[in-house]
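Okay, so the sequence shown: first residue is 1 according to the UniProt record's numbering, each after it adds one. Positions of the beta carbon are idealized from the N, C-alpha and C atoms, including for glycine. Take a look at the structure set out below.
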Amino acid sequence: MIEAIGVLQNNNIEDALIANYDFEPISVQHSIIKTVTETKPDKGLEFLKSAFYKTFDTSLKITIGRAIYNYDNDGVNLINEMESKIDDGFENLIFEHIKNPLIKV
Numbered sequence: 001m002i003e004a005i006g007v008l009q010n011n012n013i014e015d016a017l018i019a020n021y022d023f024e025p026i027s028v029q030h031s032i033i034k035t036v037t038e039t040k041p042d043k044g045l046e047f048l049k050s051a052f053y054k055t056f057d058t059s060l061k062i063t064i065g066r067a068i069y070n071y072d073n074d075g076v077n078l079i080n081e082m083e084s085k086i087d088d089g090f091e092n093l094i095f096e097h098i099k100n101p102l103i104k105v
């Protein structure tokens, strides 16, 4: 259902999905990320960046990172900026996964 909202591009419902994102189970969070990626709302990158830093689930973090990276040129720039600020080996691996779609989770 959430992904259907993305196809319909209903901005009012997108705002509600983003507002409730933190309270949803991970499976629903994945769907919300997909919807935001497809519809690209005004504050989409801001939301995705926040969601990326909040999650502790590696699979979800990679999904969010790929959503940011594939968002548009601003998304690529944001991922590069975020990557430049890390110094942890595990986080570096996450960014390698984000930038290379051939690396499977």
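Item, Value
"Using CA coordinates, which residue listed in K40, I64, D42 is at the minimum distance from S50?", "I64"
"Closest to K61 by C-alpha separation, out of A16, I26, L17, would be which residue?", "I26"
"Tell me whether the beta-carbon of K34 lies closer than 8 Å to the beta-carbon of Y71.", "no"
"Have a look at N20 and Q29 and give me their C-alpha separation to the nearest angstrom.", "9 Å"
"Starting from Y53, follow the alpha helix (DSSP H) in both directions and report where the run begins and ends.", "44 to 54"
"Nearest CA to the CA of G44: which residue from E14, T58, D57?", "E14"
"Is it right to say F47 is buried, meaning 16 or more other beta carbons lie within 10 angstroms of its own, or is it exposed?", "buried"
"Please confirm whether G75 and I86 have their CB atoms less than 8 Å apart.", "no"
"Label I103 either buried or exposed according to how many other C-beta atoms from any shown protein chain fall within 10 Å of its C-beta, with 16 as the threshold for buried.", "exposed"
"Flag this pair as yes or no: are the beta carbons of I32 and E38 separated by less than 8 Å?", "no"
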